[in-house]
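Quick mapping for you: the protein sequence lines, in order, are chains Y and H. Numbering of the first sequence is given in the working numbering, commencing with residue 1 and proceeding in unit increments. Numbering of the second sequence is given in the working numbering, commencing with residue 603 and proceeding in unit increments. In this text, a Cβ means the ideal position worked out from N, Cα and C, and glycines have one as well. The structure under discussion appears below in the form of structure tokens.
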Amino acid sequence: MNLKDLLSPFYVWQRAFEKPYTSMRPIEERPGSPSYRGFHINVADTCVGCGCCHTICQNDAIDMVPVEKYSGNKGDSGLRPRFDYGRCCWCALCVDMCTAGSLRLSNEYIWTSREPADFMFVAGVEEKHWQDNELGYRREKSYHLYPPRRIEMEMLSPDESIEGFDEVVKGYDVEQAKKEADRCIECGMCVATCPAHMDVPDYIKSIRDGDYDEGLRLMYRTNPFPATCGRICTRRCESVCPVGLQGDSIAIRWLKRHIVDQVDAKDYARILNDNIEENGKQVAVIGAGPGGLSAAYYLRKKGYEVSVYEAQDKAGGMLRYGVPGYRLPDSGLDKDINYIVSLGVEIRNNTRIGTDISFESLLNDYDAVFLSTGLSVPSSMRINGEDHPRVLSGLQVLADAASGRDPGIGNKVAVIGGGNVAMDASRVSRRLGADVTILYRRRISDMPADIEEIHEAQEEACTIVTQAIPVEIMDAPDEKQVIIKWGEAEMVQDPKGGRPRPVLQEDRMHEDTYDCIISAIGQGSNLDYLSKEVQEQLAIEWGRFTPGEYQHTSLEKVFVGGDVANRTADAISAIEDGHHAARGIDRFLRPEMYTELDQEIS
Amino acid sequence: MTQLTGHSASLDFSQPEPVDMSSGKYVKLWQGPQHPGITGNMSLELTLDGDEIIECKTHVGYLHRAFEKLMEGRNYIQNFTVVCRIAVPEPAFNEYLYAEGLEQLSGIEAPERAQWIRTLNLEMMRLASFMMWIGGQSGAFGLYTVPNWTIAYRDYVLDLFEEMTGGRIYHMYMVPGGVRFDLPKDFDKRVKEVMDGAEKLLDQVERVMYNNVVFKARSKGLGIITPEMVDPYGIVGPNARASGIKRDLRKDEPYLVYDQLDFDIISGTGADAYERAYLRLQETRQCISLIRQCMDRMPRSGPLQAEMPNVLHWKIPPGETYVKAECTRGEYGYFMVTDGTEYIRRVFVRGPSYTHAIAVMEKLAVGTNIADIAGLMVSLHTYPPEIER
């Protein structure tokens, strides 16, 4: 034994005079560190209820529960996460995954309650004392569990694109599409928002899996125009995609197009395998636009004999005559239409109802009639001189360009309007070699046109003059020209809280000379093919039908859909109208196919 | 090599003669599993002749949570929150190995700064773990002052973890692809403070515990691991190094940034419980030096995460890998198999406790007496949760 070893342990006494480690008031003296993973804080107004927190939670500690305050909001599922602290392990993957960035953790970690059920709470909705806590774990901005940025789409340069009518968007290749598809978080917000409720997450999954056949089948369940919608859809889905909240939304439209591009038209029949059992009933469809053809497709699949009456010499409606080829080439549209025709849908082109065949005879000859005649009459600007020969309608210019006719616009044109037709007409005019000025009464942010369309128009050197109200159209010295008088406008807040209104400033007037003026401020319907009596029996408001639940009208056998029957007036809504009318017609003509239970559910 | 004394274990693997319990000469005694603190939930079934142990059998099963199986049903990112639970006092090594394995299998590389922070994190973990171990070893021999010091001081290290990672025990910080977030502001100052204090504490511990006549008397000659035993028994880490086997993955197969740090493998020759304890004390000091080096040398800025695919449907191509790191107890390994799906096909966790707590323990216990068995268990530094993954 060593004496030193015997004495050394007595050194412990020295420590008796040191300050103790123990904190006497740990709750006050020792809050959680600034990045501590404590109790959840959710900014419920920022949260959109996408459910990513629920998906990533490996303990199933998060449920999505309905919160009334948020139900029915656009781009909001109406659900909010409820946390179960009997299961939570505070790993904060929910915070890392949160698309809206609304979820974080506080540094609060003490909570006592006698009631076990208390420890289940909807953060941000139920009041908790740590709700305003500034400290605690939050995801670093640079850290993502999914790639926040979109795979860039290759496009023709503005210089190349105005050379002709070649499609501007080149489309993803397989690798790009896989990468883009990988970004999807499968929340389903897009499905809820899409008018046709397309099964977006699943067809995006089919891209990840490389199973394009499955992707095509999924798309055709709800939309027989995937090649078209893959190019020109108004894509409300993307506007609500939660990935876009802190990054770029998934390029759903381009992914849809990618699937169609990967499948050859001749394989459609094999893949879709639409077996048709004839049921012996006949349906007439008026108008071969997206609404009419969608109804025709789904009716044909149910075994109906379908005849589509079309006034123009080709099917497609606005898709063919209203959308320029650089956005939707005929090849894309024809791919969709050809498949519908291949199922045995008969399209009678150049047949105008009311002129060539009367509406009443259709009513007599067919078991049901579906009207989808669209909006074909340009709206009036309601200013003097509007009937000047150098004033053209945007629709006419687009139709001429689509048919290969020269619309005769000259070299310097003014386009009036801020919608998609105005942008299309402008960009078509650029391709026909004209200098284009767009006059719009409000601001760019108020334009109803797709933001990409506006940007592309600007890139193609269309000048946009905002807050410009046309006042009068006058003869120019040269009869091949026309003078437009327009005034500057100030935006005035609506006292009722509506959107700001442009007010003409009488002292700031301009007069400009153009070769022609293209008016593109909206369109209305042409229902002249219906007799007065029929029109009276159909509920019509402001030139549009107001159909019932199954697109039916008060006139037996008559169903309506498309732009002429809905307020949203876009292709995808028309397609859904057609699909829904097909269900309605089938219910009407074959009620025996639907059990009472079905009817209750619907 | 010095002469080994005490109960030197032979390499005789033959089955011993069964003990004749009916003779009335022997008593069975269970050590554990009610030892939640020191060695965790495992138990030793001891057969005693007087107070001498003539047979020892390790029993596990009290803590089986089926981690390896659980991981097969969770996707890759979800598992990152599961792995830390496999070794409670040392979650960081699990986090690191799991992340490293996935990165190897999917071809992702963590950025340089993240690698430095990971190294720092692992060394802090080692420090915290050794602090607790010193307390455990001292307490197991009846010296209850030192545990009060070191386990309390470990909390200062856990405070650092809390600041650095957001969690004291389960850090969940080393995500596949890098680390979750940057070091907090003025972290280096606080690390320095804690390290200075730790160095001072270790000096005091050395005086009170290692230069203690009782501790020496009880630990010297106890549980001798001969160099010949090391390979057949799969003994690793300080247990092997105390027998003169210079083996340390940080030097032998450097991972992270260990090749940029200055340190030597510490080894001893005594091979008994005292030698192992002293070696761990030195390694604790080395650990402090490594933490200081990390803080001084790591790049001041830089990305912390590699670009990751969407973790919700992250698929990893078919493959397998074995990744390993030197934890406080030796080689800690993850064997991982992927099959191209969103779920891992198989994870096998190779924890050093498996062999140390079962085969080695059963061997070394024979011939010791009942009062030393707790000290011997701690001396082998085993964690039951990693036996029962």
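Selected residue, minimal CA-CA separation from LEU966/H, among ASP866/H, VAL832/H and LEU804/H: VAL832/H
If the cut is a Cβ gap below 8 Å, which residues of chain Y does ALA754/H touch? TYR21 and THR22
Simplified DSSP assignment, three categories, for TYR339/Y: helix
Ordered along the chain, which non-local residues of its own chain (more than five positions away) have a Cβ less than 7 Å from that of GLU453/Y? ASN420 and MET423
Let me know the beta strand (DSSP E) ranges lying completely inside the segment 882 to 908 of chain H, each 3 residues or longer, listed in chain order. none
Can you check which of these residues, ALA295/Y, TYR326/Y, ILE353/Y and GLU472/Y, is closest to GLU310/Y by C-alpha distance? ILE353/Y
So GLY561/Y and ALA295/Y are supposed to be a Cβ contact under 8 Å. How far apart are they, rounded? 7 Å
Between which two residues does the alpha helix (DSSP H) containing GLN706/H stretch? 693 to 708
Quick one: grab the DSSP three-state call for PRO66/Y. strand
Using CA atoms only, rank isn't needed, just tell me which of HIS958/H, GLY823/H and THR923/H is closest to SER708/H. THR923/H
For VAL95/Y, which of PRO66/Y, GLY75/Y and LYS141/Y has the nearest alpha-carbon? LYS141/Y
Can you tell me whether DSSP reads GLU277/Y as helix, strand or coil? coil
Buried or exposed (CB count within 10 angstroms, at least 16 for buried), GLN312/Y: buried
Residue-level contact to chain H via CB, CYS91/Y, 7 Å cutoff: yes
Restricting to Cα atoms, I'd like to know which of GLU674/H, LYS627/H and SER645/H is closest to MET938/H. GLU674/H
Exposed or buried, which one is TRP13/Y when buried takes at least 16 other CB atoms within 10 Å? exposed
How would you list, in chain order, the residues of chain Y whose beta-carbon sits under 8 Å from the beta-carbon of GLY769/H? TYR36, ARG37 and TRP90
Go ahead and label HIS552/Y buried or exposed: buried means 16 or more other beta carbons lie within 10 angstroms of its beta carbon, across all protein chains shown. buried
Helix, strand or coil for TYR668/H, going by three-state DSSP, please let me know. It is worth fixing the name first, because residue 668/H is Ala in this sequence and not Tyr. If DSSP states are grouped into helix, strand and coil, ALA668/H belongs with coil.
Terminal residues of the continuous beta strand (DSSP E) containing SER519/Y? 516 to 519
What separation, rounded to the nearest whole angstrom, lies between the Cα atoms of TYR172/Y and ARG567/Y? 32 Å
Residues of chain H with CB closer than 9 Å to the CB of GLN176/Y, please, in chain order. In chain order: nothing, as chain H lies at least about 14 Å away.
Going by C-alpha to C-alpha distance, which of PHE559/Y, THR351/Y and TRP254/Y sits closest to LEU371/Y? PHE559/Y
Since MET811/H and SER740/H should fall inside the 8 Å C-beta cutoff, what is the C-beta to C-beta distance between them, to a whole number of angstroms? 5 Å
I'd like to know if the segment 176 to 196 of chain Y and the segment 806 to 820 of chain H are in contact, where contact means that at least 3 CB-CB pairs between them fall below 8 Å. no
Complete runs of the alpha helix (DSSP H) confined to the segment 236 to 321 of chain Y [at least 4 residues]: 236 to 240, 252 to 262, 268 to 272, 290 to 301 and 318 to 321
Whole-Å CB distance - ARG149/Y paired with GLY247/Y, under 8 Å assumed: 6 Å
Span separating the alpha-carbon of THR228/Y from that of ARG687/H: 52 Å
Can SER157/Y and VAL168/Y be called in contact, C-beta distance under 7 Å? no
Segment limits, alpha helix (DSSP H) that includes HIS54/Y: 52 to 56
Identified DSSP bridge partners for LYS659/H: GLU647/H
Do you know how far the Cα of VAL65/Y is from the Cα of PHE119/Y? 15 Å
What residues from the segment 185 to 208 of chain Y come within 7 Å of chain H, judged by C-beta to C-beta, listed N to C? ILE185, GLU186 and ARG208
Exposure of LEU3/Y, with buried meaning 16 or more beta-carbon neighbours within 10 Å: exposed
According to DSSP, what are the bridge partners of THR463/Y? THR437/Y
Residue from MET797/H, VAL913/H, LEU729/H and GLU933/H with nearest C-alpha to VAL951/H: GLU933/H
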